[in-house]
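Encoded as structure tokens, the structure appears first; notes follow it.
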């Protein structure tokens with residue numbers, strides 16, 4: 001059995017909540033703005049260093065931003 005290496009994230013949700021553009025986030029992190037798009041779409045998994053910097057930027061724990069399981073949809077019932 002081959003394990004998948006999908007990493008899910010809430011970067012777009014956090015950006016929207018804070019009114020931060022992809023370009024502004026990219027500039028703050030020192031990456032190209034397209035990298036943020038790739039991350040948000042799940043086309044690219046960040047290095048541990050970049051993941052930690054993203055969490056620090058939003059001032060939240062790493063697990064608030066990233067997960068190995070899909071995040072529940074907003075407004076869905078937690079069981």
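Residue numbers (the UniProt record's numbering): 1 to 79. Cβ coordinates follow ideal geometry from the N, Cα and C atoms, glycine included. As the structure is a computational prediction, the values presented were derived from the model and not from experiment.
Asked, Found
"Beta-carbon proximity of residue 9 to residue 66, cut-off 8 Å", "yes"
"Cβ-Cβ distance between residue 35 and residue 26 below 8 Å", "yes"
"Given residue 97 as reference, the closest of 41, 40, 42, 22 once Cα atoms are compared", "Summary: the structure shown does not reach residue 97, with the chain confined to residues 1 through 79, and so no result is reported for it."
"Residues of its chain near residue 6, where Cβ-Cβ distance is below 6 Å and the 5 sequence neighbours each way are ignored", "none"
"One or two residues paired with residue 67 in a DSSP bridge", "8"
"Residue 37, DSSP secondary structure in three states", "helix"
"Inter-residue CB distance, residue 55 and residue 48 (contact presumed, cutoff 8 Å)", "About 11 Å; that fails the 8 Å criterion."
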